[in-house]
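As they're listed, the protein sequences go chains R and P. Sequential numbering from 4 applies to the first sequence in the numbering used here. Sequential numbering from 4 applies to the second sequence in the numbering used here.
Protein chains: 2
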Amino acid sequence: MSESENAGSSSLGKAIHILKDLAENATEGVRVIDLARRLNLTQPSAHRLLKSLIAEGLVEQMPDSKSYRLSLEFFSIASQARRREGILDIARPSLLRLSATFNDTVFLLVRSNFDAICLDRVEGPFPIRSFTGDIGGKVPLGIGQGSIAILAHLPEEEREAIIKFNMPRIMDRAAIDEVDLRIKIEEVRRIGAAQMNFEMIEGMAGLGVPVLDRNGIAVASLSIGTLASRLTETRSGTITDLLKTEAQAISSKLNPFDPTLRYPASALRAAQKS
Amino acid sequence: MSESENAGSSSLGKAIHILKDLAENATEGVRVIDLARRLNLTQPSAHRLLKSLIAEGLVEQMPDSKSYRLSLEFFSIASQARRREGILDIARPSLLRLSATFNDTVFLLVRSNFDAICLDRVEGPFPIRSFTGDIGGKVPLGIGQGSIAILAHLPEEEREAIIKFNMPRIMDRAAIDEVDLRIKIEEVRRIGAAQMNFEMIEGMAGLGVPVLDRNGIAVASLSIGTLASRLTETRSGTITDLLKTEAQAISSKLNPFDPTLRYPASALRAAQKS
DNA sequence: TAGAAAAGTCCGATATACGGAATCTTGTCA
DNA sequence: TGACAAGATTCCGTATATCGGACTTTTCTA
């Protein structure tokens, strides 16, 4: 809020802010008044917009309470965006193979502005916690091995801009400062993989490699999440090799005419939110 | 189009129609002019709305061509809607167990208006094709075993309304008429599971059971998708039993205060689209 | 059961979205 | 390669959809 000049005006902008707010409170549902207060809307406006969103099927009112929440229809519509990149179908066999081989959970992350988004994951038998969480989960570039693997393999100029923008968000969520991050990135660039160095989540460990496009720029990453105790010195070498092999296989199948995920312009707008 | 009175007016409505159109053409991307023609918009309007959607981060313009497509940000936002029901986390262990036991792909479908939406799936080693497809996929209630399992265990009045509305959509996608469907539903109600009777997809077979709430009304279904050759007479009995056991386990863990997925009012609006 | 808080509705003023026309850009064919 | 066509983008005066204050109805709470 505060000095946002023309961002939230226009009914469309407000409606989208409502959707984002509902997403953040997806489990409990949201009352009109709280929504209005949070987004600086009048009650009538909030109500009217919610009605419109319901008419379009993106929102529904919870049967018992009066609260509103996102509809599954909305989820279903947006899920189509996942197919956007051919990479989902290309990578899935690799994920299945890797998960079966390691007996661990494997992630496919792709870059989206200043974040990495989990496009797919195949679960191993061990329960794990990760920064990205489930499919659709988002994490700033720089947090987590899969995410760092991408960040480290972006063009320098872009990488610098991302570090600058993300550093506060990173320090907010993980006990790393900029020096740590830069050392880590250098190491990742050297060995072509992000190895678990410090446990960012208690008891958890990860290992990620970038998926590069024809220009050597990262568009995605393959990573595993596992118990720290399972990522021994001896295992991690083999795991890295296998991840790299699959990443290479995916790279070679990517449509060379598929645009890489670059967002020169929208960087501005992303800076506004969050 | 045609006699839509106030549905598509209001910039919000138009913007949402754009999002839906972009979702349908997620892989290729969409040109302004095609969008405008399909949605009966003027070119400037389409363009202006797209710009607004880009400003909000829901849409992005493809770097090489001028085409527009949904952003991953949009996908990430909507993914939160998946957590809406506690059922996702409750059911996941069951899915993992079942998939490991059968060596086949297991689906969790939930009801959404006249459709079933795939909330989760765990893949087995055999490549399969299904009506619902991947997570987020949608199929009319009445097509596919998991979907029929839900339909068969809804209150009679609601079921009739759904059959009436869905029949054209069903005949459009599967070689079934209303008599077939009603016979099938009776059978499913009798044995509490939707067994593969006719191959709706060449070479594929499925088997689904409903997940009931405290009132005995279906809120979801567990189903497996497999090669027809793998669903032998002897296997299907055991599979049905295991599915039922897990479905029962899920039912008992569902929060009894969680509202069931009923949509009495929004049925109207759903009838307008599609 | 009364009082308060939230939900939902109405309506006139006005800010905002609309689309025709003009301009710029991209693609195509001779 | 140049010139034409189709599409993308911008401009701007006008019509209209949106806005919020005030009001009614419903739900919560003590």
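C-beta atoms are modelled at their ideal positions from N, C-alpha and C, and glycine is treated no differently. This one's a predicted model, so the numbers in the text were calculated from it and none came from an experiment.
- Residue interval of the beta strand (DSSP E) (run including P/Met170): It is not in any beta strand (DSSP E) - P/Met170 instead sits in the alpha helix (DSSP H) that spans 159-176.
- What is the residue span of the alpha helix (DSSP H) that R/Val35 lies within? 35-42
- Task: Please decide whether P/Val113 counts as near chain R, where near means a Cβ-Cβ distance under 8 Å.
- Result: yes
- Message: Given this structure, state the Cα-to-Cα distance separating R/Gly209 from R/Ala155, to the nearest angstrom.
- Response: 16 Å
- Can you grab the Cα-Cα spacing for the pair P/Gly2 / R/Leu98, in whole Å? The requested residue 2 of chain P does not occur in the structure, where chain P is confined to residues 4 to 277.
- Item | N- and C-terminal bounds of the beta strand (DSSP E) containing P/Thr229 | 221-230
- Item | Top-ranked residue by Cα proximity to P/Leu61, from P/Ile19, P/Leu91, P/Arg100 | P/Ile19
- Message: Taking only three categories from DSSP, how would you classify P/Ala196?
- Response: coil
- Which word fits P/Ser55, buried or exposed, when buried means at least 16 other C-beta atoms lie within 10 angstroms of its C-beta? buried
- Same chain, Cβ closer than 6 Å to R/Thr243, neighbours up to 5 away in sequence not counted: Ala196
- Item | Whole-angstrom distance between R/Thr237 and P/Asn169, CA atom to CA atom | 57 Å
- Message: Taking its Cβ as the centre, do 16 or more other Cβ atoms sit within 10 Å of P/Tyr266, making it buried, or is it exposed?
- Response: Interpretation of P/Tyr266 is limited by its pLDDT of 43, a score under 50 that renders its predicted location unreliable; the figure taken from the coordinates is listed afterwards. By the 10 Å Cβ count, P/Tyr266 comes out buried.
- Please compile the residues from chain P whose C-beta is within a distance smaller than 7 Å of the C-beta of R/Lys141. Ser79
- Task: Mark P/Leu15 as exposed unless 16 or more other C-beta atoms lie within 10 angstroms of its C-beta, in which case mark it buried.
- Result: buried
- In terms of residue numbering, what span does the alpha helix (DSSP H) encompassing R/Pro1 cover? Since the first and last residues shown for chain R are 4 and 277, residue 1 of chain R lies out of range.
- Task: Could you tell me whether the Cβ of R/Gly16 comes closer than 8 Å to any Cβ of chain P?
- Result: yes
- How should R/Phe78 be labelled, buried or exposed, when 16 other C-beta atoms within 10 angstroms of its C-beta is the threshold for buried? buried
- Amino acids of chain R, ordered along the chain, whose beta-carbon sits closer than 7 Å to that of P/Lys23: Ile80
- Could you tell me whether any Cβ in chain R is nearer than 8 Å to the Cβ of P/Ile19? yes
- Where DSSP assigns a beta bridge to P/Ile120, which residues make up the other side? P/Val113, P/Lys141
- Query: How should P/Lys141 be labelled, buried or exposed, when 16 other C-beta atoms within 10 angstroms of its C-beta is the threshold for buried?
  - Reply: buried
- Min CB distance P/Ser239 to chain R below 8 Å: no
- Task: Mind reading off the beta-carbon distance from R/Arg82 to R/Ala152? Whole number of angstroms is fine, and I expect it under 8 Å.
- Result: Looking at the sequence itself, residue 82 of chain R is Ser, so the reference to Arg does not match. 25 Å between Cβ atoms; not a contact.
- In the DSSP assignment, find the alpha helix (DSSP H) that holds P/Pro96 and state where it starts and stops. 90-105
- Message: Pop quiz: P/Val33 and P/Leu25 are said to be a contact at Cβ under 8 Å. What is the actual Cβ separation, rounded to whole angstroms?
- Response: 6 Å
- Task: Determine whether the Cβ of R/Gln148 lies closer than 8 Å to any Cβ atom of chain P.
- Result: no
- Check each residue of the stretch 80-96 of chain P: if its Cβ is closer than 7 Å to any Cβ of chain R, include it; give the result in chain order. Ile80, Ala81, Ser82, Gln83, Ala84, Arg85, Arg86, Arg87
- Short Cβ contact (8 Å threshold) for R/Ile90 with R/Val113: yes
- Message: What does DSSP give as the partner residue(s) for R/Arg185 in the beta ladder?
- Response: Partner(s): none; R/Arg185 has no beta bridge.
- Out of curiosity, what's the CA-to-CA distance linking P/Ile220 and P/Pro213? 9 Å
- Please report the Cβ distance between R/Leu75 and P/Ile120, rounded to the nearest whole angstrom; I am assuming they are in contact, meaning their Cβ atoms lie under 8 Å. 5 Å
- Under 8 Å between the Cβ atoms of P/Leu52 and P/Val35? no
- Query: Quick one: is R/Ser133 buried, meaning 16 or more other Cβ sit within 10 Å of its Cβ, or exposed?
  - Reply: buried
- Message: Starting from R/Glu126, trace the beta strand (DSSP E) in both directions and tell me its first and last residue.
- Response: Element bounds for R/Glu126: n/a, residue is neither H nor E.
- Query: Just reading off the beta strand (DSSP E) that P/Glu63 is part of, what are its end residues?
  - Reply: 62-64
- Task: Ignore the nearest five residues each way along the sequence and tell me which others in R/Ile173's own chain have a CB closer than 8 Å to its CB.
- Result: Pro143, Gly145, Ile146, Ile179, Leu184
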